[in-house]
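Here the structure comes first, spelled out in structure tokens, and everything after it is commentary.
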Amino acid sequence: MKTSNAITAVLVLTLLAGCGLMPERKPVDYKNGGTPAPALEVPPDLTLPGSSQRYAIPAADGTQVASYSDYSRDVQAAGQPCAEPVPAAVAVAEAAPARLMTVEGQRFVLLSEPFDRAWRKVSLALERAQLAAGDVNRSKGVFYLKGTEKQPSELRVLVQETKGVSVVTVAADAVAQAEATRILDLLFQRLEK
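Just so we're aligned, residue 0 is where the sequence shown starts under numbering that gives the first Met the number 0, counting upward by one.
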């Protein structure tokens, strides 16, 4: 059995080696054998963009009032921006990061930042003021502060956003209103400015 396997292996090797010994009749030159093709041409409808009336603004009678190219031509001819840019130092000074305000007896801190940044700042201010939050509900924007033994009522720090501006208030029952005012003042002092 071993000899038949050995004979088969030798026979296969000689046949494979024999295929490489046969000469080819004529070598094929693939690189030079091709015929030259004419150069590619761009169709005329692709060379110029078609003018579309899709964005034209029609008047009531159906005539065209304005187009973007007319507008851009007028702006380039003017060469000046529509409004003068505000210097950076003035822009930063106008938008104070945090303001303590009172409207109709309601006190709150106004932050000129979106909710996520305001939430982070209030969280850091609570840590700096060493006020422990018993529970946090970020989706509702509420920090539940732990009460003390002499002040067992629950205080809530609310963070709400309206049009990119965040409002921070401290809600409490009527008994703890003075404590809520003190905590709001403390938060305002500890906010990073």
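Beta carbons: idealized from backbone N, C-alpha and C, even for Gly.
If you're wondering where the values come from, they're calculated on a predicted model, not measured in any experiment.
Original post:
Does DSSP put Asn4 in a helix, in a strand, or in coil?
Top reply: helix
**OP:** Whole angstroms is fine: what's the gap from Val169's alpha carbon to Asp60's?
**Re:** 59 Å
Original post:
Whole-angstrom Cβ separation of Val164 and Leu109, contact assumed at under 8 Å?
Top reply: 7 Å
**OP:** Measure the Cβ-Cβ separation of Ala177 and Leu154 and say whether it is below 8 Å.
**Re:** no
Original post:
Near Phe187, which residues of its chain fall below 6 Å by C-beta distance, leaving aside the five closest residues on each side in sequence?
Top reply: Leu99 and Val108
Subject >> C-alpha gap between Val135 and Leu183, whole angstroms >> reply: 17 Å
Original post:
First and last residue of the alpha helix (DSSP H) that includes Ser138?
Top reply: Looking at the DSSP string, Ser138 is not in any alpha helix (DSSP H), and its letter there is neither H nor E.
Original post:
Once you ignore the five residues that flank Ala88 on each side, which residues in its own chain have a CB closer than 7 Å to its CB?
Top reply: Model confidence at Ala88 stands at a pLDDT of 44, short of 50, so the residue's coordinates are unreliable; what they give is reported in the following sentence. For Ala88, where only same-chain residues beyond five positions count, there are no Cβ hits under 7 Å.
**OP:** Quick one: measure Cβ to Cβ for Val121 and Val156, integer angstroms, because I've assumed they're closer than 8 Å.
**Re:** 6 Å
Subject >> Distance between beta carbons of Ala128 and Leu185, contact taken as under 8 Å >> reply: So it is a contact: roughly 5 Å between Cβ atoms.
**OP:** Give the straight-line distance between the Cα atoms of Val91 and Ser111, rounded to the nearest whole angstrom.
**Re:** For Val91, the predicted model reports a pLDDT of 43, less than 50, meaning its position is unreliable; a value from the coordinates is still stated below. Looking at the two C-alpha atoms, the distance is approximately 11 Å.
**OP:** From the DSSP output, read off the bridge partner residues of Ser165.
**Re:** Leu110 and Glu160
Subject >> Distance, Thr180 Cα to Tyr143 Cα >> reply: Between Tyr143 and Thr180, the C-alpha separation is close to 16 Å.
Original post:
Counting along the chain, where does the beta strand (DSSP E) carrying Ala97 start and finish?
Top reply: Ala97 to Val102
**OP:** Provide the residue span of the alpha helix (DSSP H) that contains Asp60, from first to last.
**Re:** Taken as a continuous stretch (DSSP letters only), Asp60 belongs to no alpha helix (DSSP H), as it is neither H nor E.
Subject >> Buried or exposed (CB count within 10 angstroms, at least 16 for buried), Gly140 >> reply: Under this definition Gly140 is a buried residue.
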